[in-house]
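Read the structure below first, then the notes.
Protein chains: 2
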Amino acid sequence: MMIDPGVMAVLASPRRSEILRLVWDRELAAGDIHRAMPDVTFGAISLQLRQLAEAGLVEVRAESRNRYYRARKETAGELGQILERMWSSALWRLKLAAELEEGRRGPRPGRRTTNSRQRRRKKP
Amino acid sequence: MMIDPGVMAVLASPRRSEILRLVWDRELAAGDIHRAMPDVTFGAISLQLRQLAEAGLVEVRAESRNRYYRARKETAGELGQILERMWSSALWRLKLAAELEEGRRGPRPGRRTTNSRQRRRKKP
DNA sequence: ATTATAGTTTAGTTTTATCTAAATTAATTC
DNA sequence: GAATTAATTTAGATAAAACTAAACTATAAT
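Quick mapping for you: the protein sequence lines, in order, are chains A and B.
Under this note's numbering, think of the first position of the first sequence as 1275, with each following residue one higher.
Under this note's numbering, think of the first position of the second sequence as 1275, with each following residue one higher.
Quick look at the structure:
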């Protein structure tokens, strides 16, 4: 099978590969994904989902007001198998458990912006 | 075999994966690598080589004033096999040929900075 | 029709990565 | 030991990626 060079770049982002992991063998609504990663805004998740979709790594199904995402494993090809093994490895599970613990203690300090000044308000 | 999650991130950069390709099955001095990629400075190449070395994807051998780099295929693991097949594919060779042609016509316009103001001069 | 919910898009900000130029280090040659 | 060559390191600049807040779109519920 041919490997799209773009796929690796898309998967290199921890955020995106984490999203892909979430929808790897089940369908999740955009909101479900956001609830699983509450350290970023819904908008940010939506943008990453768009990138994944543009790379052909996920597909969408609209139902009522929800949009359900699921991985397209075919696109990931051999890389997908590597990821699968990675995610099922003991070390990876340990990492996930640690992050879950960390998450319980409150929002992550790392990435959040401290002062978010007021901005543009289009239609007052 | 265990896959280091950092490896994928390192390889996601086209610049670094190109360097890795160059030293995949032969040793090259840092300067050789730079001559093969004259669109960036020697310093930039050196920095990328450092990242590759830190990820364990290349090893160095010092001889006289040269430093010879070569890939450590073991670290790349299965990803390495994917890369190998990618590089040997017809499409990839076509891409390389196109870039070589482009390179002959002069320096790439894409990334270069237009105005590089004067800066810090430590010991005048 | 209004309100609420789910999600996307937009525009600007922040963060991170990559790059350049100069300084620096070290070995080699003269 | 001065000059040259090969490479690394440093400090700042620039570009790219990721993110935020708000605006916007669409469907569903009241």
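Glycine is no exception: its CB is placed at the ideal position from the N, C-alpha and C atoms.
CB contact check: residue i to chain B, cutoff 8 Å
i, result
"M1311(A)", "no"
"E1328(A)", "no"
"I1293(A)", "no"
"L1285(A)", "yes"
Span of the alpha helix (DSSP H) around residue i
i, result
"P1288(B)", "1288-1296"
"R1300(B)", "Premise fails: R1300(B) is in no alpha helix (DSSP H) and is neither H nor E."
"T1306(A)", "For the sequence presented, residue 1306(A) should be read as Asp rather than Thr. That run of the alpha helix (DSSP H) goes 1304-1310."
C-beta contact flag for residue i and residue j at 8 Å
i, j, result
"W1298(A)", "A1327(A)", "no"
"M1360(B)", "L1285(A)", "no"
"L1421(A)", "S1291(A)", "Here chain A has residues from 1275 to 1398 only, and residue 1421(A) is not among them."
"V1332(B)", "L1296(B)", "no"
Any chain A beta carbon closer than 8 Å to residue i
i, result
"G1384(B)", "Because the pLDDT at G1384(B) is just 32, under 50, the model does not fix this residue reliably, and the point stays unresolved."
"E1352(B)", "yes"
"I1356(B)", "yes"
"A1336(B)", "no"
heavy atom of the ligand ATP below 7 Å from residue i C-beta
i, result
"A1327(A)", "You won't find the ligand ATP in this model; it holds no ligand whatsoever."
Checklist line | Segments assigned beta strand (DSSP E), at least 3 residues, entirely inside the stretch 1325-1357 of chain B | finding: 1332-1337, 1340-1345
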